[in-house]
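Protein chains in written order, with this note's numbering: chain A, 1 to 112; chain B, 1 to 114.
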């Protein structure tokens, strides 16, 4: 069935370092890959997304890469700040259904 | 502008009772989604509405769960005869267009079944 694996489950970095979170999806028909940030007690907030016709997308300190052949996509955060601390979720979806399949989440801790 | 709103924010109920959870999507958004998030887990898809129709309700866990959407706007998720395993955060999202569009999430309803 449809599945998204996300690693690592927890990640601790020093302020200013980079953080990388990786996801693998199972359904080769997936063509939409959003990343969400969730702070305690709040709903997930979209931070960046990528579609299958693009290999990389960047927005300031955040970048996402997609390898459709390997069915991998990754989130890269550079120059991390304490306010980046949160749970990050990757997801995979298709343009012909509304369903997003989410990874299990990565708890990122940025130490000052 | 206003985001997705959900009510109540918290709900405590006794096992066997029925509960109704409400979602108000962003104005103008035609698609609406319900997800469930158990403690420390990822989000689990429940149902997707396009307008008032539900083209995909494959994620509803059992026939105790139902959802409706009226007027292409507000949606209600109903859980009948609640069980302790129903305890979770129920999240609603909406998108401007249909499938494949960016989904914007509400703050969720935290349901606790005693």
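Here a beta-carbon is modelled for each residue, glycine too, at the ideal position from N, C-alpha and C.
Close Cβ partners of residue i (< 8 Å) along its chain, the five nearest in sequence each way excluded
i	result
residue 44 (chain B)	35, 36, 37, 38 and 59
residue 102 (chain B)	95 and 96
residue 19 (chain B)	11, 13, 78, 79, 82 and 111
Residues bridged to residue i [DSSP beta-bridge criterion]
i	result
residue 14 (chain B)	Bridge partners of residue 14 (chain B): none, in fact.
residue 50 (chain A)	A:33
residue 97 (chain B)	Answer by DSSP bridge pairing: none, since residue 97 (chain B) is not bridged.
residue 65 (chain A)	A:56 and A:74
residue 93 (chain A)	A:32 and A:100
residue 67 (chain B)	B:77
Best match in the options for proximity to residue i [C-alpha to C-alpha]
i	options	result
residue 69 (chain A)	A:111, A:31, A:6 and A:110	A:31
residue 77 (chain A)	A:15, A:95 and A:6	A:15
residue 46 (chain B)	B:107, B:106 and B:90	B:90
residue 51 (chain B)	B:27, B:40, B:64 and B:41	B:27
residue 87 (chain B)	B:2, B:41, B:96 and B:100	B:41
residue 11 (chain A)	A:22, A:71, A:4 and A:5	A:22
residue 18 (chain A)	A:80, A:7, A:66 and A:104	A:80
residue 99 (chain B)	B:22, B:29 and B:24	B:29
residue 52 (chain A)	A:58, A:71 and A:102	A:71
residue 90 (chain A)	A:82, A:42, A:65 and A:60	A:65
Classification of residue i by the beta-carbon crowding that lies within 10 angstroms, buried from 16 upward
i	result
residue 112 (chain B)	exposed
residue 75 (chain A)	buried
residue 44 (chain A)	buried
residue 12 (chain B)	exposed
residue 69 (chain B)	buried
residue 84 (chain A)	buried
residue 2 (chain B)	exposed
residue 38 (chain A)	buried
residue 8 (chain B)	exposed
residue 6 (chain A)	buried
residue 54 (chain A)	exposed
residue 21 (chain B)	buried
Integer Cβ distance of residue i from residue j, believed to fall under 8 Å
i	j	result
residue 31 (chain B)	residue 94 (chain B)	6 Å
residue 67 (chain B)	residue 73 (chain B)	At roughly 14 Å, the Cβ-Cβ gap does not stay under 8 Å, so residue 67 (chain B) and residue 73 (chain B) are not in contact.
residue 20 (chain A)	residue 110 (chain A)	With 8 Å as the limit, residue 20 (chain A) and residue 110 (chain A) do not qualify as a contact, their Cβ atoms being about 13 Å apart.
residue 100 (chain A)	residue 86 (chain A)	18 Å between Cβ atoms; not a contact.
residue 108 (chain B)	residue 6 (chain B)	6 Å
Contacting residues, own chain, Cβ-Cβ under 6 Å from residue i (five flanking each side not counted)
i	result
residue 17 (chain B)	82
residue 114 (chain B)	14
residue 29 (chain A)	94
residue 3 (chain A)	26
Close Cβ partners of residue i (< 7 Å) along its chain, the five nearest in sequence each way excluded
i	result
residue 46 (chain A)	34 and 36
Distance cut-off 6 Å: residue i Cβ against heavy atoms of the ligand NAD
i	result
residue 95 (chain A)	As far as ligands go, the structure on display features none, and thus does not contain the ligand NAD.
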